[in-house]
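>
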Amino acid sequence: MESLRWRKSSRSSASGPDCVEIALVSAGAAVRDSKNADGAQLRFGSAGWESFLSAARTGVFVG
Numbered sequence: 001m002e003s004l005r006w007r008k009s010s011r012s013s014a015s016g017p018d019c020v021e022i023a024l025v026s027a028g029a030a031v032r033d034s035k036n037a038d039g040a041q042l043r044f045g046s047a048g049w050e051s052f053l054s055a056a057r058t059g060v061f062v063g
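Shown next as structure tokens:
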């Protein structure tokens, strides 16, 4: 299994329980809930990750 280097979102409080963590992978990014580090991961391909970041920055989500 791939070893990932997780980091907390810059918008997450250092001591808060509600944190999102990301890990860059060879073809995009993985996202997980820091409260459940062994739980499910949401994986994005490179194009999907860029679209997610763009939507998060602008607040405009296209479904």
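So the sequence shown is numbered by the UniProt record's numbering: it starts at 1 and just counts up by one.
Every residue gets a Cβ at the ideal spot worked out from N, C-alpha and C, and that includes glycine.
Tell me which residue opens and which closes the alpha helix (DSSP H) that A56 is part of.
Within the sequence shown, numbered from 1, the residue matching residue 56 stands at position 56. Taken as a continuous stretch (DSSP letters only), the alpha helix (DSSP H) holding A56 covers S46 to T58.
> Would you call the CB atoms of A23 and A29 closer than 9 Å?
Position 23 of the sequence shown, counted from the start, is the residue given in the question as residue 23. Position 29 of the sequence shown, counted from the start, is the residue given in the question as residue 29. Yes; because the gap between Cβ atoms is below 9 Å, this pair is in contact.
> Run through the DSSP bridge pairs and tell me what D33 is partnered with.
Here the question's residue 33 lines up with position 33 in the sequence shown. For D33, which the question treats as bridged, DSSP gives the partners V20.
> Per DSSP, what kind of secondary structure is R5 in: helix, strand or coil?
The residue labelled residue 5 in the question sits at position 5 within the sequence shown. Three-state DSSP puts R5 in coil, outside helix and strand.
> Is it buried or exposed, R7, if we count other Cβ atoms within 10 angstroms and call 16 or more buried?
The residue you call residue 7 lines up with position 7 of the sequence shown. So R7 ends up on the exposed side.
> Nearest CA to the CA of S3: which residue from V31, K35 and V25?
As a position in the sequence shown, residue 3 is number 3, starting the count at 1. The option with the nearest alpha carbon to S3 is V25.
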